[in-house]
Amino acid sequence: MQFALIDTHTHLHTAQFAADRAEVMARAATSGVARMIEIGYDLASSQAALALAEQHTAVYAVVGIQPNYVHEADQAALGELLDLARHPKVVAIGEIGLDYHWQKAPHDLQERWFRDQLALARELALPVVIHSRDAQEDTVRILRTAANGQPGVMHSFSGGWAYAQACLEVGFMLSFSGPVTFAKATDLHEVARRAPAERLLTETDCPYLAPHPHRGKRNEPAYVRLVVERLAALREQPLDQLAAAVWQNAETFFAF
Ligand code: NI
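Numbering (the numbering used here), first residue to last: 587 to 842.
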């Protein structure tokens, strides 16, 4: 049975792929990964993500300032993001959100950039890709007030069912990555089982978060298949059926 897979969160433009990017992308194609969404985290990486999307028909781009980089961005970056985002291969604003794990930028500055970029996405009628780490409560508070009715995805969702429900209630998608393949991630397994089929997306977040049995090594889009296999097993669903649902969800969400 043939089916197409999608990796909705890659960072292929980064230095970790400088030596063998072409081989990595060829392996993705061989493994059935027919589309990749390349994500920026600051202005330069957003430009690089778009450049990669311009070179490859299978790649689309997402532009934005990730919370660990907002203290390095100036206000003019918002205008430059707006220009980049008008490109037809840009399909969302991201990754944006809150990161209280690394504590690189003050929380109020993170929140301001989060809200400004939610507004930017709304202005452009684009969905948002959310990065949230150790910041569930504030993320939900901001999404409830600033993103209600706006399409969005919780990238590399991590957390339990209560948090997942809060994200689903604001209308967001949940994107699963490598950690769902880990034996001890039982909270995440529960979310993967209970989430509505039409809210599921799949990703690698490569080069990070490699799934089992590659854990701790460099991740790559071909490994999204391991995430899809695990999701199908958890949901007791045939692999091709789950892959088809995820593909349909991604097409609708990113409006390819
Ligand atoms: Ni990322």
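For each residue, glycine too, the CB sits at the ideal point set by N, CA and C.
Everything numeric in this text was worked out from a predicted model, so none of it was measured.
Three or more Cβ pairs drawn from the region 738-758 and the region 775-788 lie within less than 8 Å of each other, which places the two stretches in contact. DSSP places Gly-738 in the uninterrupted beta strand (DSSP E) bounded by 738-740. With a cut-off of 8 Å on Cβ pairs, the region 611-618 is in contact with the region 798-813, counting three or more such pairs. The straight-line gap separating the alpha-carbon atoms of Phe-700 and Gly-665 is approximately 15 Å. Exclusion of the five residues before and after Val-814 leaves Leu-591, Thr-788, Leu-825, Leu-828, Ala-829 and Val-832 as the residues of its chain whose Cβ lies within less than 8 Å of its Cβ. Sequence-distant Cβ neighbours of Tyr-646 in its own chain, meaning closer than 8 Å and more than five residues away, are Arg-621, Met-622, Ile-623, Glu-624, Ala-639, Lys-675, Val-676, Val-677, Phe-840 and Phe-842. For Arg-621, the uninterrupted beta strand (DSSP E) segment begins and ends at 619-625.
Going by DSSP, Thr-594 is part of the beta strand (DSSP E) stretching over 591-596.
A contact between stretches requires three or more CB pairs, one per stretch, nearer than 8 Å, and the region 716-723 meets this requirement with the region 681-689. For His-775, the CB contacts under 6 Å within the same chain, skipping 5 residues up- and downstream, are Leu-820 in chain order. Between ligand 1 and the CB of Asp-791, the shortest heavy atom gap is smaller than 7 Å.
Assigned with DSSP and collapsed to three states, Ile-651 falls in coil, not helix or strand. Under the DSSP definition of a beta bridge, Leu-760 partners with Met-740 and Leu-786. When the Cα atoms are used, Tyr-627 and Leu-667 turn out to be separated by approximately 11 Å.
Under the three-state reduction of DSSP, Asp-660 is assigned to coil, being neither helix nor strand.
Taken through DSSP and simplified to helix, strand or coil, Gly-665 comes out as helix. Per DSSP, Gly-746 has no beta bridge partner at all. Residue burial annotation: Arg-672 is exposed, with fewer than 16 other C-beta atoms found within 10 angstroms of its C-beta. Non-local C-beta neighbours of Pro-797 in its own chain, meaning closer than 6 Å and more than five positions away in sequence, comprise Gly-764, Thr-767, Tyr-809, Leu-812 and Val-813, ordered along the chain.
Nearest Cα to Ala-662 within the set Asp-702, Ala-635 and Thr-772: Asp-702. Per DSSP, the unbroken beta strand (DSSP E) holding Glu-681 starts and ends at 676-685. With a cutoff of 7 Å, His-657 does not count as near ligand 1, since its C-beta is closer than that to no heavy atom of the ligand.
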